[in-house]
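Below is one structure; the comments refer to it alone.
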Amino acid sequence: MFRVLPLKDKHMRLQLSKNSLFNFFSGHVTPLQKKLIEEWIEDKDNTESYYERLEEWEREHPQVAPDMEKAWQHILLRLKNKEITDVWTPLPDRKPSSQFQWIRYAAAAAALLGVILYSGRDFIHYKTYKTAFGEVRTLSLSDGSKITLNANSSLQVPRFGFGSGTREVRLRGEAEFSVAHTRSEQTFLVHTPDHLEVEVLSTEFIVYSRDRGSKVVLRKGKILLRSLQDTVRGTMVIKPGDVVTIRNGIFNLREKQPTQIHSAWKEHRFVFNHTSLQEIAFQLEERFGVKMQIADAVLAEREVTGTYEANDARDLLDVLAKVLNVEMKQTGKRVDVMNSR
Amino acid sequence: MEHEYKFEPSDHSVFPGMRMTNHEIAQTVSWDDKEKFIRKTFDDDPQKGCELLFKQYYQPLCSHVVRFVYSREIAEDIVGDIFYSLLEKQLYLQIASSYRAYLFAAARNRSLKHLRKEFGRGQDARDVESLSCENGMPSPQQILVYDELFKKIERTIQSLAPRNQTVFLMNRFEGKKYQQIATELNISVKAVEAHISKALHVLRKAVRDQITVVLLVLLFQELG
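Just so you know, the protein sequences line up as chains S and P, in that order. Position one of the first sequence corresponds to residue 0 (numbering that gives the first Met the number 0), numbered consecutively onward. Position one of the second sequence corresponds to residue 0 (numbering that gives the first Met the number 0), numbered consecutively onward.
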């Protein structure tokens, strides 16, 4: 490549090779060389070249191999959290007041008690609601909140103390929450197995937490997400229309999303929008416990768009077979998908 | 030679949609153009600009900072902080030098701050804020004392007895717990503790002396 670099030309007057600076950085220079290099550095015009060489030297002699992606996500998370503290601090009831110091101790004691209860035997402390594959069920809690559980999901609600103090539930799977507003403005907390905590005032939202990760969709109100993982700790306030997916404690926000598609399961519907067959296979397994075996990768990448009603796996499989023009062979819980001959 | 210059991608229109990766940029444009491109990106979208800088410099900066602080974790925190403040305090608006010079200078300044906090004498901590060179660039004299500082730290660690050095690096650089080191090296936790406190003692002494030199130069510059 032809190149004219007029800026570099002026440094030619003091001939200093890349190697001699590298040796200087590594401390392998004779006292005389060192003197020469120091003189070169003392010329202010060489400062930029100095840093350029320093960067090159660090690149060629790396001391560490940091995880760039994680570090960048961490910075974004901190910036996001900064916005959150900005949002939260002006609220008067968030300011600590010495007059109510005892409340904080009480809260700490309650939290400690919570931890003890949490680690205790589940069946004593929690009533568990479980849905089978293909089953969708709506529950009403004692505080007036309504929760619709999707198939293959479980919700644990404390037997004692729910609604007097905090309202905390544990979810594995997927559910839509319609949280009732209480007079004392109690917060409502949803915990998931991957240490995600969703804190709610009064609102409607959907929480999804399965093997593949977690997702939170907010329809109304305001909620606070908190990742309690050891490695990544972060919080995020989300507003209606936000869809947040969480993997390994890292939040990924999509704004202004249509939220209805995320609760289509309530009406036993599947909504696909350029959804790959691979993704559909995941959904089918989560909802009905049926495992799709897709013959080849090209087939797995084929996309489907549309809304389909399905009360069981068979309904959906029949439609898919027609739409994609493929053959489906079901044996028990296993479905083989092949190209039609 | 003039006619050859027109082959240079000096115009931003060669980056439609900014979809190029840093790697591609590095291959096709000279450094000055790259800086211009990043500056332009900062104007349009500071976060995107910062991301470009981050991709370009995070690794070499961590590598440099670790020579001062000898801990991967601390180095990553320090460098992460630089990029965070760049966006959070909008420091990118005040950079008069190249981004590279700014970032390396900030990395060195923060490394020194950290060393002073960790190894410095109590009274040192007060005046360091006023000597922060994050806005003004370090002078050539300051550059030289920083060079001397990280080399001195390296020499000091190299001078440690081999076992001493191994234990110290496992704890400090790799971030391993005492118990873990004891198990791996098949020695007692007490012995691990002794190795580390010995190494820290030697390092503290070396760093303190050199920090005093750095501070004197910084102070002198400030007054002059």
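All C-beta atoms in this analysis are idealised placements derived from N, C-alpha and C, irrespective of residue type, glycine included.
Answer with yes or no whether the minimum CB distance from residue i to chain P is below 9 Å.
i	result
S/Thr46	yes
S/Met67	yes
S/Ser339	no
S/Glu254	no
S/Leu78	yes
S/Ile74	yes
S/Ile40	yes
S/Arg209	no
S/Thr29	no
S/Leu15	no
S/Gly305	no
S/Trp264	no
Could you tell me the boundaries of the alpha helix (DSSP H) in which residue i lies?
i	result
P/Ala105	Tyr98 to Phe118
S/Pro157	Segment Ser153 to Pro157 is the beta strand (DSSP E) holding S/Pro157; no alpha helix (DSSP H) there.
P/Glu87	Arg71 to Glu87
P/Val64	Pro45 to Val68
S/Tyr207	Note, S/Tyr207: premise wrong, no alpha helix (DSSP H); beta strand (DSSP E) at Glu203 to Arg209.
P/Lys151	Pro139 to Ser158
S/Gln259	Note, S/Gln259: premise wrong, no alpha helix (DSSP H); not H, not E.
P/Glu183	Tyr177 to Leu184
Report back the beta-carbon spacing between residue i and residue j to the nearest angstrom; my notes put them in contact at under 8 Å.
i	j	result
S/Glu57	P/Arg99	Actually they are not in contact, since the Cβ atoms of S/Glu57 and P/Arg99 sit about 11 Å apart, beyond 8 Å.
S/Ala150	S/Phe287	7 Å
S/Ala341	S/Ser144	Not covered by the structure: residue 341 of chain S. The range shown for chain S is 0 to 340.
S/Tyr128	S/Pro157	S/Tyr128 to S/Pro157, Cβ: 13 Å. No contact.
S/Val236	S/Phe271	Incorrect: roughly 30 Å between the Cβ atoms, too far for contact.
S/Val334	S/Lys290	7 Å
S/Leu223	S/Thr234	6 Å
S/Leu148	S/Leu138	7 Å
P/Arg71	S/Val63	5 Å
S/Leu227	S/Ser208	Wrong, their Cβ atoms sit about 13 Å apart, outside the cutoff.
P/His200	P/Asn163	The Cβ separation is near 11 Å, so there is no contact.
Return the first residue and the last residue of the beta strand (DSSP E) that residue i is part of.
i	result
S/Ile146	Lys145 to Leu148
S/Lys219	Gly212 to Lys219
P/Met169	Premise fails: P/Met169 lies in the alpha helix (DSSP H), Pro161 to Arg171, not in any beta strand (DSSP E).
S/Lys126	Tyr125 to Lys129
S/Thr336	The sequence given here has Val at residue 336 of chain S, not Thr. Here the beta strand (DSSP E) through S/Val336 covers Arg333 to Asn338.
S/Thr306	Glu302 to Glu308
S/Lys328	Val325 to Thr330
S/Leu223	Ile222 to Leu227
S/His190	Phe187 to His190
S/Glu134	Looking at the DSSP string, S/Glu134 is not in any beta strand (DSSP E), and its letter there is neither H nor E.
S/Ala174	Arg166 to Ser177
P/Leu92	Unbroken run through P/Leu92: none, as it is neither H nor E.
S/Leu195	Leu195 to Val199
S/Thr181	Element bounds for S/Thr181: n/a, residue is neither H nor E.
Got a sec: is the Cβ-Cβ distance from residue i to anything in chain S below 9 Å?
i	result
P/Asp146	yes
P/Pro161	no
P/Lys175	no
P/Leu217	no
P/Ile24	Confidence in P/Ile24 is poor, its pLDDT being 39 and thus under 50, which makes the residue's placement too unreliable to answer from.
P/Ala190	no
P/Asn134	Residue placement at P/Asn134 is flagged as unreliable, the pLDDT there being 49, under the threshold of 50; the coordinate-derived value follows with that caveat. It does not: the Cβ of P/Asn134 has no partner Cβ on chain S nearer than 9 Å.
P/Ile152	no
P/Gln178	no
P/Ala198	no
P/Phe41	no
P/Gln227	The structure shown does not extend to residue 227 of chain P, since chain P is modelled only from 0 through 223, so no value can be given for it.
P/Leu73	Correcting the residue type first, residue 73 of chain P is Ile in the shown sequence and not Leu. So no, P/Ile73 is outside the interface.
P/Arg66	yes
P/Val13	Unreliable placement is indicated for P/Val13, whose pLDDT of 33 sits below 50; the coordinate value is still reported in the next sentence. No, no contact with chain S.
P/Phe103	yes
P/Ser62	yes
P/Leu202	no
P/Leu90	no
P/Lys35	no
Answer with yes or no whether the minimum CB distance from residue i to chain C is below 9 Å.
i	result
P/Tyr56	This model lacks chain C altogether, as its protein chains are S and P.
(message) Does the contact criterion of 3 or more C-beta pairs under 8 Å hold for the segment 33-49 of chain P versus the segment 63-75 of chain P?
(response) no
(message) Check whether the segment 203-213 of chain P and the segment 134-150 of chain P touch, using three or more Cβ-Cβ pairs below 8 Å as the test.
(response) yes
(request) Check whether the segment 298-315 of chain S touches the segment 261-280 of chain S, taking contact to mean three or more Cβ pairs, one atom from each stretch, closer than 8 Å. (result) yes
(message) Quick check: the segment 40-48 of chain S against the segment 39-52 of chain P, are at least 3 beta-carbon pairs closer than 8 Å?
(response) no
(request) Identify every run of the alpha helix (DSSP H) within the segment 17-65 of chain S, keeping only runs that are complete inside it and at least 4 residues long; order them along the chain. (result) 17-25, 30-41 and 46-59
(request) Mind the definition here: the segment 319-331 of chain S touches the segment 185-200 of chain S only if three or more C-beta pairs lie below 8 Å; say whether that holds. (result) no
(message) Is it the case that the segment 154-174 of chain P contacts the segment 82-97 of chain P, given that we only count it when at least three CB pairs across the two stretches are under 8 Å?
(response) no
(message) Does the contact criterion of 3 or more C-beta pairs under 8 Å hold for the segment 61-81 of chain S versus the segment 66-85 of chain P?
(response) yes
(message) With a threshold of 8 Å, are at least 3 pairs of Cβ atoms found where one atom belongs to the segment 99-114 of chain P and the other to the segment 183-203 of chain P?
(response) no
(request) Could I get the ranges of all uninterrupted alpha helix (DSSP H) runs contained in the segment 260-299 of chain S, with 4 residues as the minimum, in chain order? (result) 276-287
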